[in-house]
Each structure stands twice: as C-alpha cells, then as structure tokens.
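Protein chains in written order, with the working numbering: chain A, 402 to 637; chain B, 346 to 677; chain C, 2 to 290.
Here it is as structure tokens:
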C-alpha cells in the first residue's frame, strides 16, 4: 500500500528550478530517509509535499492529489511537517506549543489524549510543560517539534533535518523514539537527514538525491552496505 | 522598491535636453502668469527644494521620516526671527536657516540612525506633532510671538530690476532650486550617492564593503534637513507670515506622500510631487476643506499598489510608449 | 496630598485609554512587525459612527456595542483588502499606506461630519465621586477599559483561537503547518485592534470632545506606552499605557505644564528607543539554537 506517490515532480524558487522530475513512492507505515548533500533539493521535496512551493507534476496522498492545495488544508488531510529549525513557537509554553499542534482537533478530550501521548514519548517535556519553549535545550526543542507534529495525529509525518545542531547521543535517543512512534501509532515517516549513517540505521527505506534529481533508491540496508554508493553520494 | 538610479537609454543627451527645456520653461513662466499664479509657482519651486531633500533621505537612502515639516518650520522661523527681530536682510538668512537645520538634523539624526525603519518614522512623527507646541512656548515668545506668529515684509526686486515683488521672489526661489538640484545631482551621481543607495538596498553588504553606514545615514538626514530648512526659510519670505499652526503634522505627512506620489528615488519626482502638493489642494478645496486630504490619502494608497515609481514612473511609461523605444530603463 | 492623589487617579483614567491604544498597536506589531499609524484615526472614525448612531436616537449602550462590531468588521475588512497585498512589502510601503489610511479616515470624518467640535455623551452620570477625587466618567472609563483588557487576555490565554493568533504572529510558517489559517488570524487581529481602538475613542471623546484630530496626540501617548512596555509585550504595553497616563498628569500638573506634554512624550519615546529598545518589560526570547 502506498501512502504517498510522487510522479514527475518539478519545483521552482522564483525562476530557479530546484526539482527536475522526481518519482517517489512511500509505503504506508514505512520509515523513509531522504539523503543527499546540501542543495540536493531535499527540503524542497518536503516543502512541495506540504504545498509551500509551486510545483508541476503529481503528488498523490491517500489516493488524492495534493497539487494546488494550500498548506493549511494539506495538514487537514493528515500530513504533519516539522520544518528545518524546528519551527518552535519560542514565546509560548511547551504545552501551548502542543495545543497549537493539536489545533485541528476539536474535541477537548482528544486534545488532552494526544498531548498526553506526546508526553509519554518524551517525559522530559511533561516536566517542562509550563516553561517557555525558548528556554528549552536544542534536544528538548526537537522533541517538542516532533511532538507538535504527532499531536495532530497525522498519517504521514515529515521531518526536516531533526539532527541539526544536536549531540549524537540525543539524536540517537530521538531517532529511537521516532521508531517507536512509527510502530505504535502507525504513522508513516519521511525524514530528510544529512547524518546518513544514523538515518540508514533506523529507516527501512532510503532515497538519495543530487541537484534536484533522484539518483538512488532502495532499502536502507542495501544502500548502507554498498561502499560505492556511500563514497560517491554520502561521503563517508 | 523605488526605481533606483534612472540611467535610462540613449543616455545623457536626451536628459540634458529635458533639463534644458524645463529650465527654459521655468525661467519664462512668470511672464505668462498672474500675480497669484506666480505666488503658487513659487510655492511649487520651494516645495520642490524640500522634496529633493526628503527624497535623498527616503528615496535614495531608505530612511523614513514623517516629520520633515518640523525642519521646514524651523527654517521658516529662523528666517522670520532673523528678519523681524534682528534686522538681517532676508537673502542672508536663507543660508543661515539651512545651516541651523543641518545642525539640528544631524543632532536628531545621530540618535535616529540607531532606529531602524518604522522606529525612525515614529520618532519623526512625534517630532512633527510636538514642534507646534514648542513654537508656542512662553519662553521663546519674545522671538516667536507665540500663537500670533511673525509677519515678514515682502521684499522688492533689487538693483532696479523690472520685476514685480512676486516675480522677483519667484526667480529668487528658482535660483535656490537650481542650486539645490545641481548639488543633489552631482552628489547622487558620485560616490556618496552610490553609498547612499547601497545602504538603502543592502545595508549589511554596504557596511562590509567599508561604507561608514552611520556616517552616511546621519549626514543624509542632516542634508535633507538642510534642504527642507532652506525651503522653509524661503516660504517665510514668500508667504510673509509664520505661525505654529501652519506647520502641523499635516505638512509633514504631505511631504512624505508627495514624494511617494511624485516618484521615490528620482530627481524629477521632487518636482512632480511639489506640483501635486500645490495643485491638488487648490483644485479640491473648492469641494470642501477635507477633500484634498481624502484625495491625498486615496491617491497614495493607489500609487503604492499600481505605480510604486510614482508620477515619474507613469510619465516614463507613457513617454516610452510614444517614442517606441522598447525596454527603457527600470520600468519593465 | 489630595491634589496629588487626584492627579494620579485622573492619570489612571486616561492611562487606561492609552493602554488600550498601546495594546492595539502591540497586537498588530506582534503579528506583522508593523506600527499602525492609522490606529488612532480608526478609533476616531468609529467614535463618529457611535455619535451618528446616538444622534439618530439609538440608546448609548446598543450604539456602543454596535460600533464595536462595526469597527471589528471594518478592521478585518481593511486587512483583507488594503493590507494583505503588502504582507511582504517594505517598511516604507507599509508606513506610506498606514499614513495614507490615517489621513483618509481623518478627511473622511471631516467630509462626513465636518470639523466642528462635537460633544460626545458619557454613559455615566455627570458627577464627582469619592469626595471629588474623580468623576463618574473617569471611574467608568477605568472599569470599561480594564474589563476589555481582561477579556482580551483571557481570550488570548485560554481559547484555541487566541492561541492560534499568537502562534501565527510568532511563527507564521510553523503555524500554517499545524493548520492555522494565518491570514485569517491577521484579519481577526486587525478586527480586534480596531474594536479596541473604537472603545478607547468612545471613552476618551467625552473628555477631549469629538473632532477629526482628537486622536493624534493620544496615538503618540499610545506609542509611548507601547514602547515603554516593550513593543512585543502586551502586558508591558498595558502597564506602559498606565505609566504614561499618570506621568502625563503629574508632569503636566507639577513640572512642565500642559504646554509641553507632547514634547515630553516625544522625549520619552526617543529615550526608550535609544537606551531601552526592548522596553521596561520587553520579553527577550531566551535562546534561539
């Protein structure tokens, strides 16, 4: 079962074309990593899915096209997107950040349950729930960002560079919890990562992008074990 | 957003021709005008001086002032006081008024340059609002005559020139406008102008290229105050009267809006803006006292959307349309 | 001593009005990073609408509430039509349009209602209370503006829509990505700001009399209040408004006289901008990793 099917996707920033015809398919309930160097177009791919850039081509989510749909409505279809830099509402408290994340839930009990669930994944956030989000450490802010994504109870979660600026240990902890979220809640995850080693350890599928094109796709294990690929595209 | 330096096509010859033709028209104009029209034309010229200065600040340097009416008022009062209380000849007071405004402008500009964008607008807004109150202060009443204001006697044409007093004032003002125009044109074409524009467009890059941003910003503020002060000084002589309430917030606002409507960042914008400032209220005040302002307000909003390059941009567009020279300059 | 107390109380009454204007300015500043120079004139114009409604025979309170509703809709409409196209434009473009709106409202009021000074009724009895310490209207103004401010804080703190407005103001991209329609929130914010301005106008009009220029000075006091409190801090803006109100009265009565009130306010504005740009209570967002 494919949750997301992208065919011939092209995207522009102004007049600069940044995606040159991409074909990507995501399995329902899968954990997929998008790898590649800076400027490969990974972030643009996520922005295209969320409706933040103008695109040509086809993006189909759960059988319906997302092309031309506004970002606010794409969330309503069940895609949560945690942008680069985490997008924290710095002056709001931790709990207010989560309530903002649960903006689309109408029922008070649902909101409370969703927030409670996020706290159960990241107990540290519960301790800091009345604290201003801007006072959290980088790792805690990333936990908050992921939580903000999942409280809307999405079918697909997009994460943009969750490891940036964090200590390796914290990154591993966060990726472990993401794995749990995937299995327990059945959320499909698409993560853009520069840290290929780590991403390939947790993901089950991976794509490699270069200058706006898809150059490789396969299971995480295949890609991780191919020395040639590693050297030429992932640089380690 | 303002159309930057207008290095249009076949180049400087057409421009020289245009400037020459305008100069000839301006010199011959009083022959055709009645006394009252001459007075109005003089007002256009002196407003154009103020707008040249304001345009350097807003159009070329990207600083926003809603308070330049204050400098206009200071210039006017300096001249009126020097003439009425100290008996100094009116022509000698004009440069003094300009210098006073230069100094005050720099003093106000030093703190102001630390204020970005809308904060500067706010501070100058306050200045424009507060100045009439200051002019009414009892402490200064010996000179300013408080609310009553000061009358200035209208000077006659000197050297036995065959001109009426109004015509003489017209040429007197035209002389200052020409001076102001030449000085501004030279300044803006040169290194200083480049620096001013660089600061407007790319402040960080300008600073990293060694442009002393705060120096240029302060000096531009001072210079624009000088221009506006000279205009104010001329207005005291031309109108023959100054009073605190002639320099309300409305004057400051009309300066800013006139420069936007005239054309930001262009030399001609000042002249167009000045024409707008004099002609529109004249036409519209027949309808009611509020009408000119309503027109101002609506016009400026429309211009901001439809023609951000102002009347200059509009004229250029029409001109280019007629002369069939494709892709002229900035307006594309 | 009693005179001093009287000045302080009178300052609190006008301070509440400045606080409202300051809060309206901060609300718009927070979500757009623009300073709305037309805020005062919008309030003035709304007050004229109230005047017209009362003039046509409507009782005070229905006219009051209807005006608040009209102001809200008008503010939201302005945002949708005039301001929205400017969302990504320069400060200059925004300021010019704000100033354009300011004089448009000013002249429109002049056209429709003339420049003759009008008396505006107070809903409160015309007498002094507490041994002449303050007038009933002053007390009423304090209660009305205080209630409005409390209601607003409750709205922002405890309702999902209030939270959505705050989130949209802080991080528009992130807010859109959780499904908040940020541009609607902006319109809502403009509506609220206009409604607050209308209430401030109706509370101040019985004191200063109604005329098209009645708000220009008050706007400056509102600016000063917002800056003292910190332009991004609603609580601070309210506190700043009250501080300015009391300061204005005390300085006016004991130090500089009424002649220099605006100049003193200008000095305060410049001093705050220079030496304490974040304001007395401006919140610094602690960390940005």
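All residues carry an ideal CB built from backbone N, CA and C; glycine is no exception.
Hey, is residue i's beta-carbon within less than 8 Å of any beta-carbon in chain C?
i, result
"residue 413(B)", "no"
"residue 448(B)", "no"
"residue 522(A)", "no"
"residue 505(A)", "yes"
"residue 484(A)", "yes"
"residue 553(A)", "yes"
"residue 346(B)", "Residue confidence for residue 346(B) is low, a pLDDT of 41 falling below 50, so the modelled location carries little weight; the figure read from the coordinates is stated next. Yes, contact with chain C."
"residue 542(B)", "no"
"residue 530(A)", "no"
"residue 491(B)", "no"
"residue 574(A)", "no"
"residue 492(A)", "yes"
"residue 556(A)", "no"
"residue 549(A)", "yes"
"residue 518(A)", "no"
"residue 636(B)", "yes"
Span of the alpha helix (DSSP H) holding residue i?
i, result
"residue 478(A)", "472–478"
"residue 93(C)", "92–114"
"residue 48(C)", "40–56"
"residue 561(A)", "That residue, residue 561(A), is in no alpha helix (DSSP H); its beta strand (DSSP E) goes 557–561."
"residue 10(C)", "3–33"
"residue 605(A)", "No alpha helix (DSSP H) holds residue 605(A); DSSP gives it neither H nor E."
"residue 132(C)", "Unbroken run through residue 132(C): none, as it is neither H nor E."
Would you mind reading off the limits of the beta strand (DSSP E) that contains residue i?
i, result
"residue 620(A)", "614–620"
"residue 422(A)", "417–428"
"residue 434(A)", "432–436"
"residue 504(A)", "Segment: none, residue 504(A) is in no beta strand (DSSP E) and carries neither H nor E."
"residue 406(A)", "403–414"
"residue 590(A)", "589–593"
Spell out whether any CB of chain A is found under 8 Å from the CB atom of residue i.
i, result
"residue 281(C)", "no"
"residue 286(C)", "Because residue 286(C) carries a pLDDT of 42, less than 50, the predicted location of this residue cannot be relied on, and no value is offered for it."
"residue 27(C)", "no"
"residue 139(C)", "no"
"residue 160(C)", "no"
"residue 188(C)", "no"
"residue 179(C)", "yes"
"residue 172(C)", "yes"
On the CB-based measure, 16 or more other CB atoms within 10 Å of its CB, does residue i come out buried or exposed?
i, result
"residue 277(C)", "exposed"
"residue 490(B)", "buried"
"residue 471(A)", "exposed"
"residue 638(B)", "buried"
"residue 524(A)", "exposed"
"residue 424(B)", "buried"
"residue 56(C)", "exposed"
"residue 663(B)", "exposed"
"residue 497(A)", "buried"
"residue 238(C)", "buried"
"residue 139(C)", "buried"
"residue 589(B)", "buried"
"residue 569(A)", "exposed"
"residue 365(B)", "exposed"
"residue 436(B)", "exposed"
"residue 207(C)", "buried"
With a threshold of 8 Å between beta carbons, is residue i in contact with chain B?
i, result
"residue 209(C)", "no"
"residue 104(C)", "yes"
"residue 94(C)", "yes"
For residue i, verify whether its CB is less than 7 Å away from any heavy atom of the ligand ATP.
i, result
"residue 219(C)", "You won't find the ligand ATP in this model; it holds no ligand whatsoever."
Every unbroken beta strand (DSSP E) within the stretch 229–255 of chain C, with a cutoff of 3 residues, ordered by chain: Segments of the beta strand (DSSP E) lying fully in the stretch 229–255 of chain C: there are none.
Within 7 Å of chain C by C-beta, residues of the stretch 451–480 of chain A in sequence order: For chain C, the residues of the stretch 451–480 of chain A that bring a beta carbon within less than 7 Å of one of its beta carbons are 451, 472, 473, 476 and 477, in chain order.
Positions along the stretch 462–481 of chain B whose CB lies within less than 8 Å of some CB in chain C: Look at the stretch 462–481 of chain B: the residues with a C-beta under 8 Å from a C-beta of chain C are 462, 463, 464, 466, 467, 468, 470, 471, 472, 474, 475, 478, 479 and 481.
Every unbroken beta strand (DSSP E) within the stretch 432–462 of chain B, with a cutoff of 3 residues, ordered by chain: Entirely contained in the stretch 432–462 of chain B, not one beta strand (DSSP E) run reaches 3 residues.
Start-end ranges of the beta strand (DSSP E) lying completely within the stretch 353–402 of chain B, minimum 3 residues: Listed in chain order, there is nothing to give.
Residues within the stretch 235–269 of chain C neighbouring chain B, beta-carbon criterion of under 8 Å: So the close ones are 260, 261, 262, 263, 264, 266 and 267.
Chain B contacts from the stretch 77–88 of chain C (Cβ-Cβ distance under 9 Å): When CB distances to chain B are screened at a threshold of 9 Å, the residues of the stretch 77–88 of chain C falling below it are 83, 86 and 87, in chain order.
Whole runs of the alpha helix (DSSP H) within the stretch 526–597 of chain B, excluding any shorter than 4 residues: Complete alpha helix (DSSP H) runs here, min 4: 536–546, 548–553 and 558–584.
Near-chain C residues of the stretch 410–424 of chain A - C-beta to any C-beta below 7 Å: Close to chain C, meaning a Cβ-Cβ distance shorter than 7 Å, is no residue of the stretch 410–424 of chain A at all.
Positions along the stretch 602–629 of chain B whose CB lies within less than 9 Å of some CB in chain C: Along the stretch 602–629 of chain B, going in chain order, the ones with a CB nearer than 9 Å to a CB of chain C are 602, 605 and 609.
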